[in-house]
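**Q** Encoded as structure tokens, here's the structure I'll be asking about.
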Amino acid sequence: DVKVTQSSRYLVKRTGEKVFLECVQDMDHENMFWYRQDPGLGLRLIYFSYDVKMKEKGDIPEGYSVSREKKERFSLILESASTNQTSMYLCASSPSRLAGSGDTQYFGPGTRLTVL
Amino acid sequence: AQSVTQLDSHVSVSEGTPVLLRCNYSSSYSPSLFWYVQHPNKGLQLLLKYTSAATLVKGINGFEAEFKKSETSFHLTKPSAHMSDAAEYFCVVSDMRNNDMRFGAGTRLTVKP
Chain A
439 DVKVTQSSRY LVKRTGEKVF LECVQDMDHE NMFWYRQDPG LGLRLIYFSY
489 DVKMKEKGDI PEGYSVSREK KERFSLILES ASTNQTSMYL CASSPSRLAG
539 SGDTQYFGPG TRLTVL
Chain B
14 AQSVTQLDSH VSVSEGTPVL LRCNYSSSYS PSLFWYVQHP NKGLQLLLKY
64 TSAATLVKGI NGFEAEFKKS ETSFHLTKPS AHMSDAAEYF CVVSDMRNND
114 MRFGAGTRLT VKP
């Protein structure tokens, strides 16, 4: 069965801390994504990666960076956490390298991050 | 640029009655369209998708959606709601030509006993 896992379900951090969110997929998928989900706004794409060491900005990359050193793992980094980054973060993967390919995206359970 | 609009932020139905969740899209190319469901404290799960084959698409749990190009709509329906259908539903449009996917803001479905 397809599986995307995220390192934490709930996380509480302080303003200014560096935060790492980890995502692992076991399906040998090419594409991986990070979204944030806020009420009334749906999902907004932060970054995606179509290959190891490759990354592309999404709609809201400011304040975030990513790392993909291995195909199965995609990390989201908040360099200096701020209160407006309190949100639900969702990781997803899909088979193809094209984000708009029509592939199904498979989602992890999400990490609810609170920044105090 | 493409976009998707979910016309209702919240829909409430009684158990056993039909469900209609509305989605309109804008795309300059032939899009792929998806509906995903998110149960509380869970990730998103694919309900169904349209990728230029049959315009009436059947998904899991008795849901279906019809692609209507003339109306730029992809509404989600189910004949009879079940309590377990209570969740948030997202409509998504995908355009391979510009490598872009867009999520709607979501519709929260409440099912009353």
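Those protein sequences? They're chains A and B, same order as listed. If you're matching positions, the first sequence starts at 439 in this note's numbering and goes up one per residue. If you're matching positions, the second sequence starts at 14 in this note's numbering and goes up one per residue. Note that beta-carbon positions come from the ideal geometry of N, C-alpha and C, so glycine has one too.
(1) Any idea which residues DSSP pairs residue 38/B with across the strands?
(2) So residue 41/B contacts chain E; which residues on that side make the cut at Cβ distance below 8 Å?
(3) Residue 524/A touches chain B at which residues, Cβ-Cβ below 8 Å?
(4) My assumption, with CB atoms under 8 Å, is that residue 85/B sits in contact with residue 38/B. Please give the rounded CB distance.
(5) Residues of chain A with CB closer than 7 Å to the CB of residue 34/B, please, in chain order.
(6) In chain A, which residues lie less than 7 Å from residue 123/B when you measure between Cβ atoms?
(7) Could you tell me the alpha carbon to alpha carbon distance between residue 483/A and residue 512/A, rounded to whole angstroms?
(8) In whole angstroms, give me the CA-to-CA distance for residue 126/B and residue 31/B.
(9) Return helix, strand or coil for residue 464/A, following the three-state DSSP convention.
(10) Quick one: residues in its chain with C-beta nearer than 6 Å to the C-beta of residue 101/B, no 5 flanking neighbours on either side, listed in chain order?
(11) Closer than 7 Å by beta-carbon distance: list the chain B residues that pair up with residue 548/A, in chain order.
**A** To lay it out plainly:
(1) According to DSSP, residue 38/B bridges with 17/B.
(2) Among the protein chains of the structure shown, namely A and B, there is no chain E.
(3) Those do not exist, as residue 524/A stays about 17 Å from chain B at its closest Cβ, beyond 8 Å.
(4) Their Cβ separation, rounded to whole angstroms, is 6 Å, which keeps residue 85/B and residue 38/B in contact under 8 Å.
(5) At a C-beta separation below 7 Å, residue 34/B has no neighbours in chain A, since its nearest C-beta there lies roughly 14 Å away.
(6) Neighbourhood of residue 123/B in chain A, by CB distance below 7 Å: empty, with the nearest CB roughly 15 Å away.
(7) Using only the alpha carbons, I get a separation of about 14 Å.
(8) Answer to the nearest angstrom: the Cα atoms are 14 Å apart.
(9) Assignment of residue 464/A by DSSP, reduced to helix, strand and coil, places it in the coil class.
(10) So the list reads 51, 119 and 121, once near-sequence residues are dropped.
(11) Under the 7 Å cutoff, chain B gives 56.
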